[in-house]
Amino acid sequence: MEIKLEFDNKALLAFKVAPDNAKGAVRRSIRESAVLVQERAQKRHRFISRTGNLERAVVASIQEAQAAIFLDKRTAFYAGFVHEGTAPHDIFPKKRKCLRWAGRSGFVFAKKVHHPGTKPDRFLYKALNDSRTEIQAIFNRHIAGVFTGGV
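Counting with our numbering, you get residues 1 to 151 for the letters of the sequence shown.
Structure follows, in structure tokens:
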């Protein structure tokens, strides 16, 4: 998912009048916007956090003129399953002959379990959509700073 910004004549004029300052303003805007979306995604989600790994897996990669917010599977290998959901599937033991878990009256054993699947929690997309107005304001503020000499 991408976000596209529309620049008005004032922003285009900033690139003509002070191109280096305007480029710096855009870089600062991209960085601030990426951090905003990253932090919002880390805080606003439906999943129950037990270890904090999934929140830490929300990473903002910021280059000179672009940013990407993504889920680092090295931090939480299951991040994609939570974000995109899963279809119904069967679970089989990998190393043993049967699966075991604690039930109400002791351990339960089974050769396989049918998992009904999980609903997606697309918190990255939601964080971006919820931030659109603030992102536009960030860009407007930094571009206006090109003319006033501040941020």
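The beta-carbon is built from N, C-alpha and C at its ideal position, and this holds for glycine as well. Since this is a predicted model, take the numbers as computed values, not measurements.
Mapping the DSSP letters down to three states, classify residue i as helix, strand or coil.
i	result
H45	coil
A110	strand
R141	helix
A14	helix
G90	Per the sequence shown, residue 90 should be read as Asp rather than Gly. The answer is strand: DSSP assigns D90 an E or B state.
R104	coil
Taking C-beta to C-beta, are residue i and residue j nearer than 9 Å?
i	j	result
V35	I135	no
P88	P116	yes
V26	H142	yes
A44	K119	It is Arg, not Ala, that sits at residue 44 in the sequence shown. Cβ distance not < 9 Å, so R44 and K119 don't count as in contact.
E55	S49	yes
V17	F139	no
In or out: residue i buried (at least 16 other Cβ within 10 Å) or exposed?
i	result
I91	exposed
A110	exposed
H83	buried
F123	buried
S105	exposed
A68	exposed
Starting from the Cα of residue i, find the closest Cα among the options and give me that residue.
i	options	result
T51	K119, P19, R141 and Y78	Y78
R31	F147, F15, Q66 and R132	Q66
L71	G145, D121, D130 and A144	D121
A41	I138, L128, R100 and K73	L128
K97	S105, A144, L13 and K112	K112
N53	R132, R74 and I69	R74
F81	A68, G145 and F47	F47
E64	R28, R132, A144 and R104	R28
S131	E39, A14 and A22	E39
H114	F107, T86 and K95	T86
(request) Go through the segment 20-82 residue by residue and report every complete run of the alpha helix (DSSP H) that reaches 4 residues or more, in order. (result) 53-56
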